[in-house]
Amino acid sequence: MTTFDERPATAAETEVFGQDTVDRARAIIARYPRSRSALLPMLHLVQSVQGHVSQAGIAFCAQQLDLSNAEVSAVATFYTMYKRKPCGEHLVSVCTNTLCAALGGDDIYAKLREHLGSDGKPLGHEETSGTPGEPGSITLEHAECLAACDLGPVLQVNYEYYDNQTASSALELVKALQSGQKPAPTRGAPLSDFRKVELQLAGFFEDNESDVDGPSAAAETVRGAKIANEKGWTAPREPDSVEFPALPEKK
Amino acid sequence: MTVAPEKSAELVVPEGHVKLTIDGLEVVAPKGELLIRTAERLGIVIPRFCDHPLLDPAGACRQCLVEVEMGGRPMPKPQASCTMTVAEGMVVKTQHTSPVADKAQQGVMELLLINHPLDCPICDKGGECPLQNQALAHGRADSRFHETKRTFPKPIPISTQVLLDRERCVLCQRCTRFSSQIAGDPFIELLERGAQQQIGIAQEKPFQSYFSGNTIQICPVGALTSAAYRFRSRPFDLVSTPSVCEHCSSGCAERTDWRRGKVMRKLAGEDPEVNEEWICDKGRFAFRYATAADRLLRPMVRDADSGQLRESSWTEALRVAAEGLAKARDEAGGVGVLAGGRLTVEDAYAYGKFARVALRTNDVDFRARPHSAEELEFLAASVVGTSPESGGVTFRQLESAPAVLCVAFEPEEEAPIVFLRLRKAARKGRTKVFHLGQWTSPAVDKTFGTLLPCVPGGEPAAIEGLFFNSGTAEAFEALSGSGSVILVGERAAEVPGLFSSVLRLAERTGAKAAWIPRRAGERGALDAGVLPNLLPGGRQVTDGTARAEVEQAWGLAAGALSAEPGRDTDAILGAAAAGELGGLLVGGVDPYDLADPELALRAIERAGFVVSLELRPSAVTERADVVLPIAPSTEKSGSYLNWEGRRREFGTTLDGTGALPDCRVLDTLAVEMDADLFTQTPAAARANLERLGATASTRRAEPPAVPAPPAPGAGEDGVLLATWHQLIDNGSLQDEEPNLAGTARTPVARLSAATAEQFGVVAGEQVTVATERGSVTLTAEPADLPDGVVWLPLNSGVSRLRRELGAGHGATVSLRPQARGGNS
Ligand code: SF4
Ligand code: FES
Ligand code: FES
Chain V
1 MTTFDERPAT AAETEVFGQD TVDRARAIIA RYPRSRSALL PMLHLVQSVQ GHVSQAGIAF
61 CAQQLDLSNA EVSAVATFYT MYKRKPCGEH LVSVCTNTLC AALGGDDIYA KLREHLGSDG
121 KPLGHEETSG TPGEPGSITL EHAECLAACD LGPVLQVNYE YYDNQTASSA LELVKALQSG
181 QKPAPTRGAP LSDFRKVELQ LAGFFEDNES DVDGPSAAAE TVRGAKIANE KGWTAPREPD
241 SVEFPALPEK K
Chain U
252 MTVAPEKSAE LVVPEGHVKL TIDGLEVVAP KGELLIRTAE RLGIVIPRFC DHPLLDPAGA
312 CRQCLVEVEM GGRPMPKPQA SCTMTVAEGM VVKTQHTSPV ADKAQQGVME LLLINHPLDC
372 PICDKGGECP LQNQALAHGR ADSRFHETKR TFPKPIPIST QVLLDRERCV LCQRCTRFSS
432 QIAGDPFIEL LERGAQQQIG IAQEKPFQSY FSGNTIQICP VGALTSAAYR FRSRPFDLVS
492 TPSVCEHCSS GCAERTDWRR GKVMRKLAGE DPEVNEEWIC DKGRFAFRYA TAADRLLRPM
552 VRDADSGQLR ESSWTEALRV AAEGLAKARD EAGGVGVLAG GRLTVEDAYA YGKFARVALR
612 TNDVDFRARP HSAEELEFLA ASVVGTSPES GGVTFRQLES APAVLCVAFE PEEEAPIVFL
672 RLRKAARKGR TKVFHLGQWT SPAVDKTFGT LLPCVPGGEP AAIEGLFFNS GTAEAFEALS
732 GSGSVILVGE RAAEVPGLFS SVLRLAERTG AKAAWIPRRA GERGALDAGV LPNLLPGGRQ
792 VTDGTARAEV EQAWGLAAGA LSAEPGRDTD AILGAAAAGE LGGLLVGGVD PYDLADPELA
852 LRAIERAGFV VSLELRPSAV TERADVVLPI APSTEKSGSY LNWEGRRREF GTTLDGTGAL
912 PDCRVLDTLA VEMDADLFTQ TPAAARANLE RLGATASTRR AEPPAVPAPP APGAGEDGVL
972 LATWHQLIDN GSLQDEEPNL AGTARTPVAR LSAATAEQFG VVAGEQVTVA TERGSVTLTA
1032 EPADLPDGVV WLPLNSGVSR LRRELGAGHG ATVSLRPQAR GGNS
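Quick note, the sequences are listed as chains V and U, same order.
Each residue of the first sequence is one higher than the last, beginning at 1 in our numbering.
Each residue of the second sequence is one higher than the last, beginning at 252 in our numbering.
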């Protein structure tokens, strides 16, 4: 039975999102001086429960933050990290931005689409192979630059990096994921699953902080700095004053 | 080439201003002014879509690009003149003098049109479309885009009254900014991103706002259209007549667009002093009542044989009415006049004069709602005659007041434009708004207000409490700031002692008190003397000097006017029901708006002779002996006095329909009774009223001095009823407009958690509120009401409290949960 307290828990609150989610939502809100600032982590929080941002999730955020559903929808539909359809156990993001694409990202994406597709139809962007949420289910997407161009082509599983991929290594990786294994990412935290990562993105680490902090830079990324360090190279000092070139003649 | 004269008279740059050059012209502008505005002042029009002077700058459409040079350095790219403010020494070149700006604007226009369907020939906006106009003025004849345009299913309804064609949208975000900034209803937003970016609403959550129609008007393209008006006509086929809204006491300027004798739509008119550029949806959409199929067009008299009303000629109807009224006046104890609250000043004046001259009585009252003697005293002492000229409270003053206290007044529901001003004032952080009411209604939130909660009927006690209660010291202090205002609404008349307390509070704090009635005609009727204690111009019936002035102006014998105040609405009805009054003359009054509809109906039945002046059939016309049809506001001229006391004059929109204004009907009726009103036309009535001028009498009406009663309690088993009208409800002036009705707020019963628990009421389930007369069953919704109080809308859906319960604000009612599935 619904209770009649000051601000009643709606169906959206109690049925879809349990008390622990409500508590977490309130903890997120407490982090910010203005409650609406909490919207981004809140959307990750609802994704950690349902594997996507559902209408109930939108209503939940709106209610917790005293926003209108339209305001929450505006944000939720703007960012690609908020998914409209339930995601699989893992989210595989293949970088198909220019650099990775040229280095083989397009091939990787094509290979994975074909592998994950069914009935001779390749899997589409943000579509899921298997039953969303079930073990071994995989949502595939093509992504814009994942900020690892020096390691391209790259892909991410639940936002963890797998660097210097090829079509066959990626295929291997996905097959392993499907069979329930969790191959270690090239760097960063060990692989978990999409919903757990969403919870981390909402700022809840469940005593596993150590998993996600610490350096995650690849050898390639810091190679230049290392050499400079060894050789004692530094950038030239900035001069104290700079002469600006003369203004062009007014026409 | 024009050369500036060698020794141009140096422009003086006052403090807080800067000097800049636009298209070679030197201009002084206040710091902070937007370039596009400064250019406008010089007569230089820069094309724009998203810019709107009443919305915060957004820089969303990029159509207003100009070249800017600062300190001798040109900025690298053209700049949006709608977001950039003026600066000393700035040199600005618009499309008129800069090929770069011109090319940039053409480029933006080309991009804006890439996905636009170019369907102007079937678009409502075609002919009055800023996109169409500016594309012709500043665009290219050809587009370089030959690929397939992005399409959307069209249109999608975003509420029952607003439709959205996303293909036509240029993403200027005027609609979303209006809704979140001006109205405070952020139910329409920019969704998605990139090429899919689009305006939309949350799924299954319509664009809920009393002001949504404004977005249709300010959309610079044809993306937002009105469900009621869509595809009905082209702008260039319409005749536009300036008009004034007939609904509430804000007195908004409107533009009525019509053709072939039919009003097609209404738009907000511009009046910076009153409604700026906004109107509410009721004012915009509710006008079809006047063309309802049941509109009365011919006079009717009751057939002596059949007892039925039958159509008659004006001659016959007026003769029968005159004879009947004269007989009732002379032989049956007199005739009472109920004028109604929706009259123009001119028509109201005719009712007052008809009562005094033709019926020789002071038994006249415009208040077709609960009222009190205290209210009469309040109106006579503090309201009548006030106007912006005489230093009365104005819309503008609300905007600059340090604090505003709303007492028994729900601004968003009762005077929406007052609400918009309060929100504007509060949003700028200048004004603190306090609401003396029962729960945190949407208006409290949206005016960033503070609720001073009290039980219904406990308002006077709460006000007295302001004087010493430390919890409300903030409110008291704020109201003591110079320029503060107290706004008191129509339901104050249902709370004994409230007007007196308001005046005491005003005196103690120095705040000015203003009265905001709900209906458009009340303020005018007050000043026109349609009350038992007042003659026109605030002259008191009991004041000999004042009476003599009126007698002289009206050509009456000295002493012809009675010095005895007449009966008010309740007393008139009571007397008629008791057989003490032989006749009634009733203007547009719906008995179900009165405090006691049963008494009213009994009175009308019992009165020997009833004349009804009406637009459409009502419970009065059903029982009348003579029914005289009168003109709706579009078919007559006249003026309203808005709550400020500002005269809002309007001309006839639809000429020659043959419908007669009340003043004309009464004038002719008076002639039949050998009396002259000189109100043949609204203009004549106005002239006649103006001849009276201001009174020379120095007698001032005594303000009411009712001591504040203690806050009431409802006793053991009852609860107190709090109630007010919702803006969009069952009102008969909203008939025939289903799209508007679709945006009404759902009627619910609101109560606190403790009260719910006490009576076993469950949130979301039905609760029945009852009196001896009857009951109303609604869904229960929790709200922060004081315990022992239930709130219901006064006249929404099944919640017709006067009709069903015979109860109003402050009444005691009983409460019981309704078993699930039960409907008895
Ligand atoms: S619908 Fe109209 S007002 Fe709203 S963003 Fe689009 S063009 Fe602008
Ligand atoms: S392009 Fe793939 S990571 Fe930057
Ligand atoms: S009018 Fe300046 S950016 Fe739209």
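The beta-carbon is built from N, C-alpha and C at its ideal position, and this holds for glycine as well.
These numbers come from a predicted model, not from an experiment.
Against chain V, with Cβ distances strictly below 8 Å, would residue 951 (chain U) count as a contact?
With 8 Å as the cut-off, residue 951 (chain U) does not count as an interface residue toward chain V.
Output, in chain order, the set of chain V residues within a Cβ distance shorter than 7 Å of residue 474 (chain U).
Ordered by position in chain V, no residue passes the 7 Å Cβ test against residue 474 (chain U), which lies about 16 Å from the chain.
Could you work out which residues of chain V lie near residue 442 (chain U), taking near to mean beta carbons separated by less than 7 Å?
Ordered by position in chain V, the residues that pass the 7 Å Cβ test against residue 442 (chain U) are 73, 74, 77.
Taking the Cβ atom as the reference point for each residue, do residue 629 (chain U) and residue 954 (chain U) lie within a distance shorter than 8 Å?
Their beta carbons are under 8 Å apart, which means residue 629 (chain U) touches residue 954 (chain U) by this criterion.
Got a sec: does ligand 2 put a non-hydrogen atom nearer than 7 Å to the Cβ of residue 97 (chain V)?
Yes - ligand 2 has a heavy atom lying nearer than 7 Å to the Cβ of residue 97 (chain V).
I'd like to check one pair, residue 357 (chain U) with residue 391 (chain U): are the Cβ atoms closer than 8 Å?
Contact flag set, yes.
What residue range does the beta strand (DSSP E) around residue 553 (chain U) cover?
Start and end: 551-553.
What I want to know is whether the C-beta of residue 53 (chain V) ends up closer than 7 Å to one or more non-hydrogen atoms of ligand 2.
Residue 53 (chain V): no, Cβ never under 7 Å from ligand 2.
Quick one: complete alpha helix (DSSP H) runs, 4+ long, within the region 747-815 of chain U?
List check, alpha helix (DSSP H) in window: 749-760, 773-778, 795-804.
Start and end of the alpha helix (DSSP H) containing residue 1026 (chain U)?
Careful: residue 1026 (chain U) lies outside any alpha helix (DSSP H), inside the beta strand (DSSP E) at 1026-1033.
For residue 235 (chain V) and residue 55 (chain V), I'd like the C-alpha separation in whole angstroms.
One C-alpha to the other measures close to 53 Å.
When you compare the CB positions of residue 1028 (chain U) and residue 569 (chain U), do they come within less than 8 Å of one another, or not?
No.
Anything in the region 845-862 of chain U with a Cβ closer than 9 Å to a Cβ of chain V? List those residues in chain order, please.
So the list is empty, because no residue satisfies the distance condition.
Keeping to the same chain, check which residues put their C-beta closer than 6 Å to that of residue 702 (chain U); ignore five residues upstream and five downstream.
Here the set comprises 686, 691, 695.
Helix, strand or coil for residue 462 (chain U)? Go by DSSP, reduced to three states.
In the structure shown, residue 462 (chain U) sits in coil (DSSP, three-state: anything other than H, G, I, E or B).
What's the C-alpha gap between residue 5 (chain V) and residue 1038 (chain U)?
In this prediction, residue 5 (chain V) has a pLDDT of 34, which is less than 50 and means its spatial position is unreliable; what the coordinates show is noted afterwards. Roughly 13 Å between the two C-alpha positions.
Are the beta-carbon atoms of residue 858 (chain U) and residue 834 (chain U) separated by less than 8 Å?
Yes, Cβ-Cβ distance for residue 858 (chain U) and residue 834 (chain U) is below 8 Å.
Determine, using beta carbons only, whether residue 70 (chain V) comes closer than 8 Å to chain U.
Closer than 8 Å to some Cβ of chain U, the Cβ of residue 70 (chain V) qualifies, so yes.
Locate the alpha helix (DSSP H) running through residue 871 (chain U), then write down its first and last residues.
Segment 870-874, the alpha helix (DSSP H) holding residue 871 (chain U).
From residue 651 (chain U) to residue 895 (chain U), what distance separates their C-alpha atoms?
Cα-Cα distance, rounded: 15 Å.
Contact criterion: CB-CB distance below 8 Å. Does residue 437 (chain U) meet it with respect to chain V?
It does: the Cβ of residue 437 (chain U) has a partner Cβ on chain V nearer than 8 Å.
Any heavy atom of ligand 5 within a distance shorter than 7 Å of the CB on residue 170 (chain V)?
Only ligand 1, ligand 2 and ligand 3 can be found as ligands here, which leaves ligand 5 out of the picture.
Output yes or no for whether 8 Å exceeds the beta carbon distance between residue 609 (chain U) and residue 742 (chain U).
No.
Under 8 Å between C-beta atoms, does residue 47 (chain V) make it to chain U?
No, its Cβ sits nowhere closer than 8 Å to a Cβ of chain U.
Just the chain V side, please: which residues come within less than 7 Å of residue 452 (chain U) by C-beta, in chain order?
Here the neighbours are 70.
Measure from the alpha carbon of residue 970 (chain U) to the alpha carbon of each residue in U:940, U:1010, U:945, then state which is nearest.
For residue 970 (chain U), the nearest C-alpha among the options comes from U:1010.
Run through DSSP, which three-state label would residue 334 (chain U) get?
Residue 334 (chain U) falls in the coil class under three-state DSSP.
Would the beta-carbon of residue 377 (chain U) fall within 8 Å of that of residue 473 (chain U)?
Going by C-beta atoms, residue 377 (chain U) is nearer than 8 Å to residue 473 (chain U).
Any contact of the region 482-497 of chain U with the region 883-900 of chain U, i.e. 3+ C-beta pairs under 8 Å?
The region 482-497 of chain U is in contact with the region 883-900 of chain U.
Express the C-alpha separation of residue 427 (chain U) and residue 475 (chain U) in angstroms, rounding to a whole number.
Their backbone Cα atoms lie some 12 Å apart in a straight line.
Under 7 Å from any heavy atom of ligand 2, does the C-beta of residue 263 (chain V) make it?
Residue 263 (chain V) cannot be examined here, being either before or after the span of chain V that is shown, 1 to 251.
Taking 8 Å as the CB-CB cut-off, is residue 585 (chain U) touching chain V?
Closer than 8 Å: no.
Quick check: what's the CA-CA separation for residue 774 (chain U) versus residue 984 (chain U)?
Answer to the nearest angstrom: the Cα atoms are 19 Å apart.
According to the neighbour-count rule (16 or more other Cβ atoms, all chains shown, within 10 Å of its Cβ), is residue 163 (chain V) buried or exposed?
The residue in question, residue 163 (chain V), is buried, as its Cβ has 16 or more Cβ neighbours within 10 Å.
So for residue 1076 (chain U), helix, strand or coil by DSSP?
In this structure chain U extends from 252 to 1075, so residue 1076 (chain U) is not present and cannot be described.
Any chance the CB of residue 283 (chain U) is under 7 Å from a heavy atom of ligand 2?
Result no, Cβ not under 7 Å from ligand 2.
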